[in-house]
Amino acid sequence: MSDRDRSAAEEQIVDELDNVLPGEIDRRKFLHGSLGSLGAMMLAGCTGGGGGRDTTTSDQATTAGGDTTTAGEEAFTDNTKAVFTTPWKKEPSWGHAHVAEGRGYWKDAGVPNINATRGNGSDTEAQNIGVGNKPMGISSLTTALSVYPETQNTEALNMTMMGLARGRPLLSLIWRKDQMKDRTDIAGKSILAASGFAAATAEVYPNLVGVDPSEVDIQEGTEEVAAPKLANNEVQAIWGSIDLYPTYQEQVDAELGVTPLTAFGAFPGYPIWVNNSWFENKENNVEFMSHVLTGYFKALKWGLLNQSEYLDYLKSEVNPNLRTWTQEELVGQHSVNCAQAVTLDMKDNGLGYFTQDGLSFVLDNAASALVDNPDALPSASELVDTRAFEQSEKVTFSDSEWNRLSQNAGEIWGIFEEAESGN
């Protein structure tokens, strides 16, 4: 009997004890103490088809969160120790990998020794994965491409997309409507690239709206100075993360326009990458990564749908510093995450769904703004490997879950829908 089955059986027993024991009794101590023999009998029953919470028919077996796999499949376990990097700090936007590790989603998927680690910027983590310092993890597609080619100081990156940790990119133009007549009116205007991530991709937007980047005053700055500069009209627009849009709304006494990068077409957001050398030398590599993806996307779904529980878990188990955040800040970042993580295609095709055509669109429309020599970038077919995603257990949404997701996403959900309606 596996540890997972034993744990599920114990949860069943605890639930049943709730119906017969007074509230002040510790059910788990009761189970493992005076009812040890009863517990053993009940646990033994789980191998013989005994019923209980989340039990299933004879052709299915329960996994974490009530998801199911076909019974009779040999349980997969690979004890390989590997790091999975996120692009940034242990915040709501990037907490799902820590949930996958801490709440046992990777363990339940058969890959128990994945270590979720915080990153130091999307460009840094793309380079870490691409040169083999870390075997796998998340980095923005546009930023990864901007640092992909060989330079005088760096070697060319060597990595492949396996799935989308976030369907949409954060990058958006957030602009003052009293200073710009529409989203294309950027010639002669000052735009703040509000992070290193934004600065690396600053010429993408002018190219997409047909404006020579030399006609735009692109300033480099930080997220901390973005709101004051926009409020004081020192800049007329921000090129940066859409998750700061609520902050700009609060601090800028002007109506703001928002143009997500996805308004211009199928821009994938944040792929899960693997280092090619590590992957090629990994035994059962495709099967292993399929289970990594399964565990990650189940953790992602839980975090997206269960806002309060997710934020409480991060504060108590992942990053106690989040207790200094206001509830508005936590909920605001989570709401943007809900809108950004899931594309419309993912409702039916599963979290993580991506296509080679989406990457081709980026290479065709933005590569010249991202790198000096677009020919130095690999082709879409060389950058994409869908085998692990195709073998993974698809994590989808029911209609009621989809509605809950849109409610958690709030106004950003509508911004993305409107921006992409003409695509």
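Just so we're aligned, residue 67 is where the sequence shown starts under the working numbering, counting upward by one.
Built from N, CA and C at the ideal position, the CB exists for glycine as well.
Since this is a predicted model, take the numbers as computed values, not measurements.
Each of 153, 305, 339, 179 was checked against the Cα of residue 448, and the nearest Cα belongs to 339.
The bridge partners DSSP lists for residue 283 are 256. Taking the C-beta atoms as reference points, residue 259 is found nearer than 8 Å to residue 285. The continuous alpha helix (DSSP H) containing residue 365 extends over residues 351-371.
Within the same chain, and ignoring the five residues on either side of residue 206 in sequence, the residues whose Cβ sits closer than 6 Å to its Cβ are 188, 336. Approximately 5 Å separates the beta-carbon atoms of residue 150 and residue 182; this is inside 8 Å, confirming the contact. Beta-bridge analysis with DSSP links residue 150 to 182, 202.
Taking a C-beta distance under 8 Å as the contact criterion, residue 177 and residue 361 qualify as a contact pair. Contact between residue 250 and residue 486 is ruled out by a C-beta separation of about 18 Å, above the 8 Å threshold. Less than 8 Å separates the beta-carbon of residue 323 from that of residue 241. In the structure shown, the three-state DSSP call for residue 232 is strand. Apart from the 5 residues on each side of it in sequence, residue 269 sits with its Cβ closer than 6 Å to the Cβ of 279, 435 in its chain, given in chain order. The beta carbon of residue 215 is closer than 7 Å to those of 222, 437, 439, 442, 443 in its chain, skipping five residues each way along the sequence. Burial of residue 174 is indicated by the presence of at least 16 other C-beta atoms within 10 angstroms of its C-beta.
Within the DSSP secondary-structure output, residue 239 pairs in a beta bridge with 305, 325. The Cβ-Cβ distance between residue 146 and residue 363 does not fall below 8 Å.
The way I'd put it, the region 295-304 doesn't touch the region 225-236; fewer than three beta-carbon pairs between them come closer than 8 Å. Residue 473 holds the alpha-carbon nearest to the alpha-carbon of residue 465 among 459, 458, 473.
Each of 415, 298, 341 was checked against the Cα of residue 233, and the nearest Cα belongs to 415. Exposed is the label assigned to residue 382, since fewer than 16 other Cβ atoms lie within 10 Å of its Cβ. Residue 406 sits buried, since 16 or more C-beta atoms from the chains shown fall within 10 Å of its C-beta. For residue 227, DSSP records a beta bridge to 339, 450. In the three-state DSSP reduction, residue 218 falls in the coil class, being neither helix nor strand. Distances from the CA of residue 291 to each of 272, 463, 317, 274 were compared; the closest alpha carbon is that of 317. Residue environment for residue 319: exposed (fewer than 16 other C-beta atoms within 10 angstroms of its C-beta). Leaving aside the five residues that flank residue 171 on each side, the residues in its chain whose CB is nearer than 6 Å to its CB run, in chain order, 130, 361, 364, 365. Taking C-beta atoms under 8 Å as the contact rule, residue 454 and residue 384 fail to qualify, at a distance of about 26 Å.
The C-beta separation of residue 153 from residue 185 comes to about 5 Å, placing the pair in contact by the 8 Å criterion. In this structure residue 334 touches residue 424 by the C-beta definition: roughly 5 Å separates them, less than 8 Å.
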